[in-house]
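What follows is one structure encoded as structure tokens, with my remarks underneath.
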Amino acid sequence: MRLILLFGLILLPFAEIWGYFKFGSLYGWWFLLYLIVMAVLGWRLIQEEKTLVLSKFMSVMSGGNPMLLLPNINHLMAGGLFLFPGIFSDIIAIILLLFPIKPKEGRQNEFEANTFNKKKDSTNKSDVIEGEYRREDEPE
Numbered sequence: 002m003r004l005i006l007l008f009g010l011i012l013l014p015f016a017e018i019w020g021y022f023k024f025g026s027l028y029g030w031w032f033l034l035y036l037i038v039m040a041v042l043g044w045r046l047i048q049e050e051k052t053l054v055l056s057k058f059m060s061v062m063s064g065g066n067p068m069l070l071l072p073n074i075n076h077l078m079a080g081g082l083f084l085f086p087g088i089f090s091d092i093i094a095i096i097l098l099l100f101p102i103k104p105k106e107g108r109q110n111e112f113e114a115n116t117f118n119k120k121k122d123s124t125n126k127s128d129v130i131e132g133e134y135r136r137e138d139e140p141e
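Take 2 as the starting number for the sequence shown in this note's numbering and just add one per residue.
Following this line, the structure appears as structure tokens:
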């Protein structure tokens with residue numbers, strides 16, 4: 002699997018260069034306009050997802066489920082692929098956008114389950130602390 006992925010990453014720039022010449026000769030200026038529009042759309046997608054990723058990242062750092070970041074990271078990857086000029090990277094980006102990754106909400110990791118149980122236990126207790134009181138600074 003790693004070999005296929007590595008071969009695909011090495012082959013992608015060569016396929017994109019071949020696509021520049023092939024589609025550029027077929028469509029001319031329209032292809033250049035397409036590349037510019039896709040780069041602008043990719044930049045906009047990255048700008049919009051950046052704020053969502055930062056806010057979700059802060060919630061993950063405070064003990065949330067890290068799987069909640071996957072859809073936003075998926076959109077950031079698609080925006081980066083739209084910025085990379087070419088037909089084949091745009092096809093991969095469209096596939097990433099059409100088939101979103103949804104985290105499973107039923108599964109919890111051990112840390113999140115323990116945190117949830119502690120919060121649940123602390124809400125059931127009252128705020129009253131029972132004990133004896135004696136002032137230390139008063140002479141007896």
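Quick reminder that beta carbons are idealized off the backbone N, C-alpha and C, glycines included.
Identify, in the order they occur along the chain, each residue of the same chain with its Cβ nearer than 6 Å to the Cβ of residue i, setting aside the five sequence neighbours on each side.
| i | result |
| --- | --- |
| M39 | F83, D91 |
| E134 | Just to set this straight, residue 134 is Tyr in the shown sequence, not Glu. Result list for Y134: empty, nothing under 6 Å. |
Can you give me the start and stop residues for the alpha helix (DSSP H) that residue i sits inside?
| i | result |
| --- | --- |
| F85 | Premise fails: F85 is in no alpha helix (DSSP H) and is neither H nor E. |
| Y134 | Here Y134 belongs to no alpha helix (DSSP H), and DSSP marks it neither H nor E. |
Consult DSSP for residue i and reduce its assignment to one of helix, strand or coil.
| i | result |
| --- | --- |
| V61 | helix |
| G29 | coil |
| I95 | helix |
| K23 | helix |
| P101 | coil |
| N66 | coil |
Residue i and residue j: beta carbons closer than 9 Å?
| i | j | result |
| --- | --- | --- |
| I102 | P67 | no |
| L53 | A79 | no |
| K51 | L10 | no |
| E17 | I96 | no |
| G25 | A94 | no |
| Y35 | Y28 | yes |
Among the residues of its own chain, which have a CB less than 7 Å from the CB of residue i, if the five just before and after it don't count?
| i | result |
| --- | --- |
| K57 | L69, L70, N73 |
Can you tell which of the options has the C-alpha that lies nearest to the C-alpha of residue i?
| i | options | result |
| --- | --- | --- |
| L33 | E131, G81, R3, P86 | P86 |
| L98 | F89, G81, I88, N75 | N75 |
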